[in-house]
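Chain order of the listed sequences is A and B. Just so we're aligned, residue -15 is where the first sequence starts under this note's numbering, counting upward by one. Just so we're aligned, residue 48 is where the second sequence starts under this note's numbering, counting upward by one. All C-beta atoms, glycine included, are put in the ideal place defined by N, C-alpha and C.
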Amino acid sequence: MHDAATRPVCLKIEGLTKRFGGFYALNDLRMQVERGHVHALIGPNGAGKTTFFNLITGVLPPDAGAVFFEGERLDDSRPSQRTIRGIARTFQNIRLFPHLTVVETAMLGEHCRVYPSVWKAIGKGVLWGAGSREREMRANAIEILEFLGLADRLDAKSSDLPYGAQRKLELARALATRPRLLLLDEPAAGLNPRETEELDDVIKRIRDRGITIILVEHDMKLVMGISDVVTVLNFGTKIAEGAPEKVRQDPVVIEAYLGEDVLL
Amino acid sequence: MLDRLIDGYTLSVLIFAGINVIAAYSFYVPFKTGQVSLGQAGFMAVGAYASAVATGKFAIPFPLALVFGGLLAGLIGVLVGFPALRIKGVYLLLLTLGFAEIISVIALSWDYVGGAQGFRGIRYNPYTLDYVIVIIVALIFFFSRLERSSLGRAMDSIHQDETVAEVMGIDVVRIKLLAFGLGALIAGLAGALYAHQATFMDSTTFNILLAVEILVFVVVGGASTYWGPLFGAVVLNAFPEVLRALREWLELLPVQWVDFYPMSAVYSFLREFLDFENAKRLIAYGVILIVTMILRPNGMLTRDLMRKWHLARWKVGHA
């Protein structure tokens, strides 16, 4: 038996297709994400990037195709089961739980590791002595919040945090599920230049922990600086793939994505 | 035990208030995962009829019948919970309402449980108040632990954003089913206690008005903390009793104080106003509900408020 976590291919996509009515959000997409990489997914709005995330995490069922995570086919398992297998994500529009505090939000991510079944959650978690487990979860949550620089506002309500901190808290919640694959959906959206630089650093540190990252992002400076591989989507189809410096000079990409040769 | 210390009327008020507290908790549990049920009266009916059949037709001791009624209601709750998983908001309200109607029609048409004549001669349980107190204390203990537990947080997260909770690895399906089944079980206990206190029930005893009342207890008391349902049910049950006491006090006034024109009008108006039969009580609940929704939309007690009190006490203790 191979140790699943040491396989070089983290995620393999075969012929993934998703239609909304007659519109192909994704059309026969094939791609491979290597373990330990930061793999960027770029493309104009409506290219199918968020749909891609929804299919990988099981929020939406695909119309055709298959997703293999660490060599195993995910098929139609529910999102929570995929999270337990090691896939976590953040959302393009921040979706925190407004009534939970910062530390509670981070602890929530760990729930699926500590209490894999509902019966354990109600037995060991509620009825008899959850104290030490609860303290451990809190300590782990605080460690992740420190890693992201959020540890100074543990008991604030998550809805009271400033925008940039809310983005970080989403990241903390995803990291708390202890993923091996992390999907980031436009993590730099709405951040100021200083916060974006901080994010750049955080993504590198997450990668250095051995977590594979798929990054959907419009900030080209961030994408080109950080990614090992860039895949370009347009109208649900892959139009280019390769190292950042190669992709940025691809005339097809320039035409589809930028219209003219700005920035790149 | 307590029945030796208090008069019969107060005792019966306390018992029915206590049963209402338990019923309010039966609404609170599924609501913690975002499921609004108008079917809790239906689950009370299941527990009431099942336990009454057990004690009446099979001579089973009341404690066992109580457990049987609760478990059967809980089991049916899980079965109803499956279709409820896919439905939200107004549609879930209608589904649960439909379930309660089905139970009511079964009670009406099944002669084995009395049919249209009602279920008569249910064995009276002299210790209802003791059972009620024990169950309420156990529930509060359970909820106080739940609220500080990982499962409690998971339930809160499902209430706030189900999709995200699922993506964060929370088993939304099982937790929602568990909550719905547990709510039904608690309702079944309340129903069984009611049946063996009132000793009579028919198909209209556990009707939509009761379901709405239960909802009002929780919404007025506050659904974000486990103290809310208790508070709401106690306050709204005490309310007509307080008015009744006021009316009795009014009648003690010396005649010469109220026996001249403006005072006599005020007196008869107050007497009329404080005469609290059922219809007026429901109107008052409606008014209280509207006022609460405007002034404190999250109910009188909220978790933030409880935390604040708790912190204040903690600071005093450790100053």
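query	result
Under 8 Å between C-beta atoms, does B:I217 make it to chain A?	yes
For the putative contact between B:S84 and B:A239, defined by C-beta atoms under 8 Å, what is the C-beta separation to the nearest angstrom?	Between B:A239 and B:S84 the Cβ distance is about 19 Å, and since that is not below 8 Å, they are no contact.
Terminal residues of the continuous beta strand (DSSP E) containing A:I197?	196 to 200
Would you say A:F81 faces chain B, with C-beta separation under 8 Å as the test?	yes
Helix, strand or coil: how does DSSP classify B:R192 here?	helix
Tell me the start and end of each unbroken beta strand (DSSP E) in the region 155 to 220 of chain B that is at least 3 residues and wholly inside, in chain order.	none
Check whether the Cβ atoms of B:G235 and B:G136 lie closer than 8 Å to each other.	no
Among B:L321, B:T210, B:G268, which has the Cα closest to the Cα of B:F278?	B:G268
Among A:E18, A:F7, A:G55, A:T1, which has the Cα closest to the Cα of A:F37?	A:T1
Taking only beta-carbon positions, decide if B:V181 is within less than 8 Å of chain A.	no
Measuring straight from C-alpha to C-alpha, what distance separates A:Q16 and A:E201?	18 Å
Among all the DSSP beta bridges, which residues are the ones paired with A:K141?	A:T85
Between the region 154 to 170 of chain A and the region 189 to 199 of chain A, do three or more beta carbon pairs fall short of 8 Å?	yes
Using 8 Å as the threshold, is the region 64 to 77 of chain B in touch with the region 179 to 191 of chain B, meaning 3 or more CB pairs across them?	yes
In terms of residue numbering, what span does the alpha helix (DSSP H) encompassing B:K135 cover?	Careful: B:K135 lies outside any alpha helix (DSSP H) and carries neither H nor E.
Run the CB neighbour count on A:Y241, radius 10 Å, all protein chains shown included, and call it buried at 16 or more, exposed below.	buried
So which residues of chain A does B:D203 contact, with C-beta pairs closer than 9 Å?	F81, H83, L84, E88, L92
In the DSSP assignment, what residue or residues form a beta bridge with A:I71?	A:L165
Which residues mark the beginning and the end of the beta strand (DSSP E) in which A:M15 is found?	7 to 18
Using a C-beta cutoff of 8 Å, does B:S156 count as contacting chain A?	no
Can you pull the DSSP bridge partners for A:K2?	A:L10
Can you name the residues of chain A whose CB is closer than 8 Å to the CB of B:S311?	Within 8 Å Cβ-Cβ: nothing; B:S311 doesn't reach chain A, min ~54 Å.
Do B:S197 and A:V98 come within 8 Å of each other at the CB atom, strictly closer than that value?	yes
Roughly how many angstroms separate the alpha carbons of B:R294 and B:L283, rounded to a whole number?	18 Å
Nearest chain B C-beta to A:T34 closer than 8 Å, yes or no?	no
Could you give the distance in angstroms between the alpha-carbon of B:K79 and the alpha-carbon of B:H206?	6 Å
Could you give the distance in angstroms between the alpha-carbon of A:L58 and the alpha-carbon of A:Q233?	35 Å
Out of B:G162, B:F189, B:Q164, state which residue places its alpha-carbon closest to the alpha-carbon of A:W250.	Because chain A spans -15 through 248 in this model, residue 250 of chain A falls outside it and cannot be assessed.
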